[in-house]
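Please read the structure below before turning to the comments.
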Amino acid sequence: MSEQRPPATTDSRGIRARTAVAAVVCLAIGVCLQLLERTLIVDLLGSVLYVGLIAFLLRSAWPRLGGARSSALAFAVAATVELLQLTGLPHRAVEVFPPARLVLGGSFDPIDLVAYAVGAALAFIVQLALAGAGRGGRSRTPPASGAGTPLRRSDDSEASDPSR
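Position in the sequence shown counted from 1, then plus 12, gives you this note's numbering.
And the structure:
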(Lines of atoms letter the chains of each structure in order from A and count residues from 1; the text may use other names and numbers.)
(Lines give C-alpha, C1' and ligand atoms only; values in the text may rest on other atoms or scores of the structure.)
Protein backbone atom coordinates (compact mmCIF):
# COMPACT_ATOMS: atom_id res chain seq x y z
CA MET A 1 0.00 0.00 0.00
CA SER A 2 1.36 3.42 -0.85
CA GLU A 3 2.23 5.94 1.83
CA GLN A 4 -0.42 8.61 2.24
CA ARG A 5 0.50 12.23 2.80
CA PRO A 6 -1.29 14.20 5.47
CA PRO A 7 -3.72 16.79 4.12
CA ALA A 8 -2.44 20.32 3.64
CA THR A 9 -3.08 22.51 6.63
CA THR A 10 -4.60 25.95 6.46
CA ASP A 11 -1.19 27.34 7.39
CA SER A 12 0.58 25.54 4.51
CA ARG A 13 -2.09 26.72 2.06
CA GLY A 14 -1.64 30.26 3.35
CA ILE A 15 2.15 30.30 2.97
CA ARG A 16 1.76 28.67 -0.44
CA ALA A 17 -0.53 31.49 -1.59
CA ARG A 18 1.58 34.26 -0.04
CA THR A 19 4.84 32.98 -1.54
CA ALA A 20 3.14 32.54 -4.92
CA VAL A 21 2.13 36.21 -4.78
CA ALA A 22 5.70 37.13 -3.79
CA ALA A 23 6.98 35.16 -6.80
CA VAL A 24 4.61 37.05 -9.12
CA VAL A 25 5.79 40.35 -7.64
CA CYS A 26 9.44 39.35 -8.23
CA LEU A 27 8.64 38.37 -11.79
CA ALA A 28 6.75 41.62 -12.48
CA ILE A 29 9.56 43.77 -11.09
CA GLY A 30 12.09 41.72 -13.05
CA VAL A 31 10.16 42.26 -16.28
CA CYS A 32 10.03 46.00 -15.56
CA LEU A 33 13.81 46.00 -15.05
CA GLN A 34 14.18 44.64 -18.59
CA LEU A 35 12.70 47.90 -19.85
CA LEU A 36 15.40 50.01 -18.18
CA GLU A 37 18.85 50.83 -19.47
CA ARG A 38 21.24 48.09 -18.45
CA THR A 39 23.42 49.34 -15.59
CA LEU A 40 25.28 47.63 -12.77
CA ILE A 41 22.45 48.44 -10.35
CA VAL A 42 19.78 47.08 -12.69
CA ASP A 43 21.85 43.93 -13.24
CA LEU A 44 22.36 43.38 -9.51
CA LEU A 45 18.68 43.99 -8.75
CA GLY A 46 17.80 41.44 -11.41
CA SER A 47 20.12 38.90 -9.77
CA VAL A 48 18.57 39.55 -6.35
CA LEU A 49 15.07 39.11 -7.82
CA TYR A 50 16.13 35.94 -9.66
CA VAL A 51 17.01 34.24 -6.38
CA GLY A 52 13.88 35.58 -4.71
CA LEU A 53 11.72 34.22 -7.50
CA ILE A 54 13.30 30.77 -7.20
CA ALA A 55 12.97 30.75 -3.40
CA PHE A 56 9.33 31.81 -3.49
CA LEU A 57 8.46 29.27 -6.19
CA LEU A 58 10.14 26.50 -4.20
CA ARG A 59 8.31 27.48 -1.02
CA SER A 60 5.02 27.80 -2.87
CA ALA A 61 5.41 24.31 -4.32
CA TRP A 62 6.70 22.76 -1.07
CA PRO A 63 5.54 24.85 1.92
CA ARG A 64 7.15 22.50 4.44
CA LEU A 65 10.53 23.25 2.91
CA GLY A 66 10.74 26.35 5.07
CA GLY A 67 12.24 29.75 4.42
CA ALA A 68 15.85 28.88 5.17
CA ARG A 69 15.93 25.79 2.97
CA SER A 70 14.08 27.36 0.06
CA SER A 71 16.39 30.40 0.17
CA ALA A 72 19.52 28.23 0.39
CA LEU A 73 18.32 26.05 -2.49
CA ALA A 74 17.52 29.15 -4.54
CA PHE A 75 21.06 30.41 -3.97
CA ALA A 76 22.46 27.00 -4.97
CA VAL A 77 20.41 26.94 -8.19
CA ALA A 78 21.41 30.49 -9.14
CA ALA A 79 25.08 29.91 -8.31
CA THR A 80 25.07 26.69 -10.35
CA VAL A 81 23.59 28.50 -13.36
CA GLU A 82 26.18 31.27 -12.93
CA LEU A 83 29.05 28.77 -12.79
CA LEU A 84 27.62 26.91 -15.80
CA GLN A 85 28.24 30.10 -17.77
CA LEU A 86 31.94 29.28 -17.56
CA THR A 87 31.30 26.18 -19.69
CA GLY A 88 29.58 27.80 -22.66
CA LEU A 89 26.50 25.56 -22.36
CA PRO A 90 24.13 28.46 -21.63
CA HIS A 91 25.48 30.31 -24.67
CA ARG A 92 24.63 27.34 -26.89
CA ALA A 93 21.16 27.10 -25.37
CA VAL A 94 20.58 30.82 -26.03
CA GLU A 95 21.63 30.35 -29.68
CA VAL A 96 18.88 27.75 -30.04
CA PHE A 97 16.29 29.56 -27.90
CA PRO A 98 17.10 33.28 -27.35
CA PRO A 99 14.63 33.84 -24.46
CA ALA A 100 16.70 31.34 -22.46
CA ARG A 101 19.07 34.28 -21.81
CA LEU A 102 16.58 35.54 -19.20
CA VAL A 103 17.09 32.37 -17.15
CA LEU A 104 20.63 31.31 -18.08
CA GLY A 105 22.29 34.72 -18.36
CA GLY A 106 24.94 35.78 -20.82
CA SER A 107 28.35 35.60 -19.19
CA PHE A 108 29.93 34.76 -15.86
CA ASP A 109 30.24 37.64 -13.42
CA PRO A 110 31.46 36.90 -9.89
CA ILE A 111 29.60 39.91 -8.48
CA ASP A 112 26.38 38.08 -9.34
CA LEU A 113 27.25 35.49 -6.70
CA VAL A 114 27.23 38.27 -4.09
CA ALA A 115 23.88 39.50 -5.41
CA TYR A 116 22.53 35.94 -5.18
CA ALA A 117 23.59 35.75 -1.53
CA VAL A 118 21.85 39.07 -0.84
CA GLY A 119 18.77 37.81 -2.69
CA ALA A 120 18.72 34.60 -0.64
CA ALA A 121 18.98 36.56 2.61
CA LEU A 122 16.20 38.93 1.57
CA ALA A 123 14.01 36.03 0.41
CA PHE A 124 14.47 34.39 3.80
CA ILE A 125 13.52 37.61 5.62
CA VAL A 126 10.46 38.10 3.40
CA GLN A 127 9.39 34.50 4.03
CA LEU A 128 9.69 35.04 7.78
CA ALA A 129 7.42 38.06 7.42
CA LEU A 130 4.99 36.15 5.21
CA ALA A 131 4.83 33.26 7.67
CA GLY A 132 4.27 35.70 10.53
CA ALA A 133 1.54 37.46 8.58
CA GLY A 134 -0.30 34.18 8.23
CA ARG A 135 -0.26 33.69 11.99
CA GLY A 136 -1.24 37.25 12.76
CA GLY A 137 2.35 37.93 13.79
CA ARG A 138 2.17 35.34 16.58
CA SER A 139 4.36 32.33 17.09
CA ARG A 140 2.76 28.94 16.43
CA THR A 141 4.28 27.37 19.51
CA PRO A 142 3.05 28.33 22.95
CA PRO A 143 5.64 29.99 25.18
CA ALA A 144 7.57 27.69 27.47
CA SER A 145 7.22 28.10 31.19
CA GLY A 146 9.29 31.01 32.36
CA ALA A 147 8.81 32.79 29.04
CA GLY A 148 9.34 36.46 29.31
CA THR A 149 12.23 36.14 31.72
CA PRO A 150 15.56 37.04 30.16
CA LEU A 151 18.21 34.39 29.78
CA ARG A 152 21.31 35.34 31.73
CA ARG A 153 24.02 33.83 33.80
CA SER A 154 23.80 33.75 37.53
CA ASP A 155 25.71 36.43 39.38
CA ASP A 156 28.22 33.83 40.61
CA SER A 157 29.23 32.77 37.09
CA GLU A 158 29.61 36.39 35.98
CA ALA A 159 31.84 37.18 38.94
CA SER A 160 34.06 34.16 38.29
CA ASP A 161 34.32 34.82 34.55
CA PRO A 162 37.64 36.64 33.94
CA SER A 163 36.49 37.86 30.51
CA ARG A 164 33.84 40.12 32.09
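Backbone N, C-alpha and C fix where the C-beta goes; we use that ideal spot for every residue, glycine too. Since the structure is predicted, the reported quantities are computational estimates derived from the model, not experimental observations.
- Residue 58 sits in a helix when the DSSP states are folded into three classes.
- Where residue 86 is concerned, the enclosing alpha helix (DSSP H) starts and stops at 79 to 96.
- In this structure residue 40 is exposed. Its beta-carbon is surrounded by fewer than 16 other beta-carbon atoms within 10 angstroms.
- Judged by DSSP secondary structure, residue 113 falls within the alpha helix (DSSP H) whose first and last residues are 113 to 116.
- Per DSSP, the unbroken alpha helix (DSSP H) holding residue 104 starts and ends at 101 to 108.
- With fewer than 16 other Cβ atoms from the protein chains shown falling within 10 Å of its own Cβ, residue 46 counts as exposed.
- In summary, residue 114 is exposed, with fewer than 16 beta-carbon neighbours lying within 10 Å of its beta-carbon over all protein chains present.
- Around the C-beta of residue 38, 16 or more other C-beta atoms lie within 10 Å, and the residue is accordingly described as buried.
- With respect to the 8 Å criterion, residue 77 and residue 69 are not classified as neighbours on the basis of their beta carbons.
- With distances taken between CA atoms, residue 61 lies nearest to 44 out of 74, 44 and 73.
- Across the structure, residue 59 and residue 121 are spaced so that their CA atoms are roughly 11 Å apart.
- Pairwise C-beta distances place the segment 23 to 30 out of contact with the segment 84 to 95, as fewer than three of them are shorter than 8 Å.
- About 17 Å separates the beta carbons of residue 136 and residue 73, which is beyond the 8 Å limit, so they are not a contact pair.
- In the displayed model, residue 31 falls within a helix according to three-state DSSP.
- Assigned with DSSP and collapsed to three states, residue 72 falls in helix.
- When DSSP states are grouped into helix, strand and coil, residue 121 belongs to the coil group.
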